[in-house]
Amino acid sequence: MRFGSFARRFIAPAALLLAAGAAHAQKIELWTFVGPGKENVRERAMADVIETFKAKNPGIEVNVTIMPWQQISPALLRASKAGQVPDVAMLYSPSMPAHIAAGTLSPLRQYLDAWPAADRADLVKLPETVDRKGEPFGVPWELRVSGMGYRADLLKAAGKRAPQSIKEWGDTAAAISSNDIAGIAIGFSPEAPSVAAGWFLTTLVGSGVKVLADDGKAAFNTPQAEKLVQWVLDLTRNKSALPTNVALQGLEQAQTLFIAQKAGFLPQSSQRFEFIRERSKLGENLKLVEYPGWDEGKPSPALVQSWSLVIPKGAKNSAAAWKLVDHWTSAPVQVASAKTAGYVPVRTSALKDPWFSEPKAETIRWAVDYAGKHPLKFDFPENTEALYDTWAKMFGSVLTGKMSPKEGLAWAEGEYNRRGGR
Amino acid sequence: MARRGTARIGDYAAYAFLLLACAFVLVPLAWGLSTSFKAPQDVFASPPQWIPATIELGNYSRGLFAPRFMRYILNSALVVAGALVLSVALAVHAAYAVSRFQFRFKEALLFVIWSTVMIPGVSIIVPLYLMAVDIGIYDTLFVVIVAYSAWLVPTLIWLLRGFIDTIPTELEESAFVDGCGRLKTFYVVVLPLLRPGLAAAGVLVFVTIWNDFLLAFALTLRDENRLLQVGLYSFVTELGIEWGPLMAATIGSTIPVIVAFALLQRSFIQGLTGGAVKG
Amino acid sequence: MSSSIGVRRLQPYLFFYPSLILVAAVSFVPLFYALRQSVHSADYLQTGGFVGIANYVELLRHGGGLADIGRSIVFVLGSLALTMPLGIGLALLLDRPMRFRAILRTVLMLPWIVSQLVTGLLWTWLYDGRVGPISHLLKQVGVNIAGPLTDTQWALPSLMVTNTWHSYPLVMVFTLAALQTIPAEVREAARIDAGSAWRRFRHVTLPLIRSTVLVALVLTTLHTFNTVTTVLIMTGGGPAEATQVLALRVFKEGFQFYRQEVAATAAVVIFGLNILFSIAYIRVLRADRG
């Protein structure tokens, strides 16, 4: 009897409250390659995003899973097959076409349509986030533009300006190089070719090479391409303009060389330059310029890549997942992330913030400017890695003298087609 | 007299060569140790400095004692503990059976188990990973414990069988006479005598798992599940190479194994050569 | 009484079979999996149709598989040429009573205790082209390369040296153990009869330790042939594929390119070659015994 009344008075209401609380507390799982933390600016930016989200959505709990960035795409494909997908994940732009084709992502049109028209127009448009019909599957939360970092002090000492053409680039690299300093730090190793291969791609497209035919088969064995490969080969033959061993390594070693102040030029993705500037202690001596094209004053198109937020098909809490996506890509959060970690915002309205006119935001301004003025028109294949890997191997053979540029390109075309784009 | 003289030269030559070999062994370790104490600007000093200009302890706090890295060490320790229990439990029973029992197909089955040692790890890591995904236990410490245990069992059976063979059967027979069952005899009479064998087994399990990269890499994905060697690898591939903290983490994580070896050499050698070397 | 006899009859199986089942599940099943996958096509995670030996032909003909095997063999031979003499030589030196023997033996066994990954990291840093002592030394003697690991000619030999560092202790320990089983009378007799140290080694010592040395040889051969981790961390197969060995190929196809059928095919080829080497060595061992 006493227990019965106790139950009625305390346990039942408590249970009701608990149940109500449970109903409200939603959990979403986020897959990311950088988690919230304090160790560096990227972790702090991430922590901010999640904390501000939690403050605005007290009923939603975000469970963060950190995995190596190279593994998110294959992990998502596997999870899709096993039916155990997260609610939100991020995919690097070269991986998007494969996922769209595999049908692992939820279309996002219904959510985007709920935005006011100004917000929709405000968001940067990246071709890899939509399918052939224009159906969106991802929303970028940051973007990066590849460009050429260079040692302004070395160029000034040699009386050179930032190169405006490929030929000028080669000549300048040779002029500033020495026994101790490599002209260009660009690495074609199949281990990590994305920077060098990305540069190769935009320069090819900029010189009018089609690269891939409409049926997806390789179509880059052209005189223009041969001219470019020959240019790289000639550089390596000139003692230190591009040392062969540097050209055979990957992007990380190239970056390390530049940080150690032993190189004059470093092609790299814009988001890395603040880190490089700080580590190398180069300060104002590190400047950025667009990838030059063959003709003076006409740079190669800007290679824009991004990490996009996606909601996998079969996510348990897509509504809550969308709230996170919406929050993360909103203008205030974008501005905050730019300030904390130098991320390039994905909304043009965000750039109106006065902070972007400060010297600190120079890289961001440069990136947006370059991407806006020289967009890249290229249909990325389902597997960009296969293309980059083939080119990397081609350069390996050409630069070690095993094949001529023409033979190399012919081999690369055959190899890419033999691989079936995998 | 002349004979003694040449003998002495021979001795000196032998010592010289042995010391040269020791230098060969210690140079990479010393260089790594030296780097682990160097400040960033000293790391890239040219010509190479063996003694750091300033001692930078920050490398250790950032590299070895970083929470992420400590987590990797913890994961390895957990897997060692789990695999120790599972693999030794299974192997010691199987070794006893092989040593004391006669049963059908014994020799053939034993051969089958031992032949798995011939299977190169690299050949099975991809299928193991696919199997783990299919079963749904991928990326858990559980599957890592099971996989390592299975890998270690054949060598442990060989090792422990050698030790059990040296225990005279009279002890068990007198226990039977006293009315003890086979199982009880095993636990009460035989097992306590196996301490040196179990020590060798423990050392083998510890070193194998602590040092292994391939299997741990194949079966884990998320940062929180990484074991030690995979964690070290991730330091290099994901954060760009910072040699100071990297060497701190590298040297620091190797010390337990080196210390264990120095203290337990005999068990070590027995463990790693499967009891073929006695003492 | 009868039930306990039944249990007693089961006892051996209860003691033994759990180990057998676990080992079979984790070692044999994956092997069959790889075998099966190697004769089917694949598209990322989807296994496709049966293709017979097409994958093998593809790998060996166009896929660079033969070149990978060639590099593996060169890597093994070069490593053995350094490892065996070093291991046996040090064992011979340690076989005599001397001061500090225990400490020397401990130090000389260290490289084996260190993990493959740590070995790779330590040596990569040692070989560094700009700040490493080795390239500094090479420059002093006039060899001007940017770094042993980034030079297409020096990369594989550099890996051989690293591999030797890691592998010789196994040979040393086995040889030492065998040497210490040689009875004192035999040693004494040899010292009186045989004359020079080399003749003593060739005619007395070597025949006695031969089978143990062969076992060490087999183990080192297989271990080197199957090495992935050190190559992965030191050169990743580069520069320009100079160090792309078959074992690394399996890893890359499986975990970087996600081409499961190629990985499985290469895995089966490695397994087959392992068996081939083992059989060849065992034949020599048997002939030796007879």
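Residue numbers (the working numbering), protein chains in the order written: chain A, 5 to 426; chain B, 24 to 302; chain C, 1396 to 1685.
Glycine included, each C-beta is placed from N, C-alpha and C at the ideal position.
In the structure shown, residue 1654 of chain C falls within a coil segment according to DSSP collapsed to helix, strand and coil. DSSP places residue 152 of chain A within a strand segment (E or B) once states are collapsed to three. Among the CB atoms of chain C, one or more fall inside 9 angstroms of the CB of residue 401 of chain A. For residue 1435 of chain C, the enclosing beta strand (DSSP E) covers residues 1435-1438. In this structure, DSSP gives residue 187 of chain A an extended state, which the three-state scheme calls strand.
With contacts defined by Cβ atoms closer than 9 angstroms, residue 1672 of chain C and residue 1555 of chain C do not form a contacting pair. For residue 306 of chain A, the secondary structure class from DSSP, reduced to helix, strand or coil, is strand. For residue 1451 of chain C, the uninterrupted alpha helix (DSSP H) segment begins and ends at 1449-1456. When Cβ-Cβ separations below 9 angstroms define contact, residue 1412 of chain C makes no contact with chain A. In this structure, residue 1543 of chain C sits near residue 1522 of chain C, with a CB-CB distance shorter than 9 angstroms. At a cut-off of 9 angstroms between C-beta atoms, residue 58 of chain B counts as an interface residue with respect to chain C.
Per DSSP, the beta bridge partners of residue 1445 of chain C are C/1435. Taking the Cα positions, residue 112 of chain A is about 27 angstroms away from residue 371 of chain A. Burial is judged here by how many other beta carbons sit within 10 angstroms of a residue's own beta carbon; residue 412 of chain A has at least 16 and is buried. The Cβ atoms of residue 246 of chain A and residue 156 of chain A lie no closer than 9 angstroms to each other.
Positions of the beta strand (DSSP E) runs, each at least 3 residues long and wholly inside the segment 40-80 of chain A, are given as 64-70 in order along the chain. As DSSP reads the structure, residue 272 of chain A sits in a beta bridge with A/151.
For residue 293 of chain A, the enclosing beta strand (DSSP E) covers residues 290-293.
The Cβ atoms of residue 91 of chain A and residue 322 of chain A sit closer than 9 angstroms to each other. For residue 250 of chain A, the nearest beta carbon of chain C is closer than 9 angstroms to its own beta carbon. Contact residues of the segment 55-75 of chain A toward chain B are 69, 70, 71, 72, 73, 74 and 75 (C-beta to C-beta distance below 9 angstroms).
Within the model, the alpha-carbon separation for residue 180 of chain B versus residue 215 of chain B is close to 17 angstroms.
Residue 193 of chain A sits in coil when the DSSP states are folded into three classes, being neither helix nor strand. Residues of the same chain with a CB within less than 8 angstroms of the CB of residue 403 of chain A, apart from the 5 flanking positions on each side, are 192, 236, 237, 240, 248, 251 and 252 in chain order. Shown here, residue 1647 of chain C sits in a helix according to DSSP, grouped into three states. Between residue 185 of chain B and residue 290 of chain B, the C-beta gap is not smaller than 9 angstroms, which leaves the two residues out of contact. Here the segment 151-167 of chain A makes no contact with the segment 350-362 of chain A; the two share fewer than three CB pairs at distances below 8 angstroms.
For residue 332 of chain A, the closest of A/82, A/314, A/318 and A/319 by C-alpha to C-alpha distance is A/314. If you draw a straight line from the Cα of residue 176 of chain B to the Cα of residue 1615 of chain C, it is about 21 angstroms long. Taking 9 angstroms as the threshold, the shortest C-beta distance from residue 247 of chain B to chain A falls below it. For residue 297 of chain A, the three-state secondary structure derived from DSSP is strand. Look at residue 30 of chain A here: in three-state DSSP terms it is strand. In this chain, the alpha helix (DSSP H) harbouring residue 100 of chain A covers 100-106. Residue 1498 of chain C counts as exposed, since fewer than 16 other C-beta atoms from the protein chains shown sit within 10 angstroms of its C-beta.
Within chain A, the residues 193, 194, 195, 252, 253, 254 and 400 have their CB atoms less than 9 angstroms from the CB of residue 1633 of chain C, given in chain order. Residue 213 of chain A carries a coil assignment under DSSP once its states are collapsed to helix, strand and coil.
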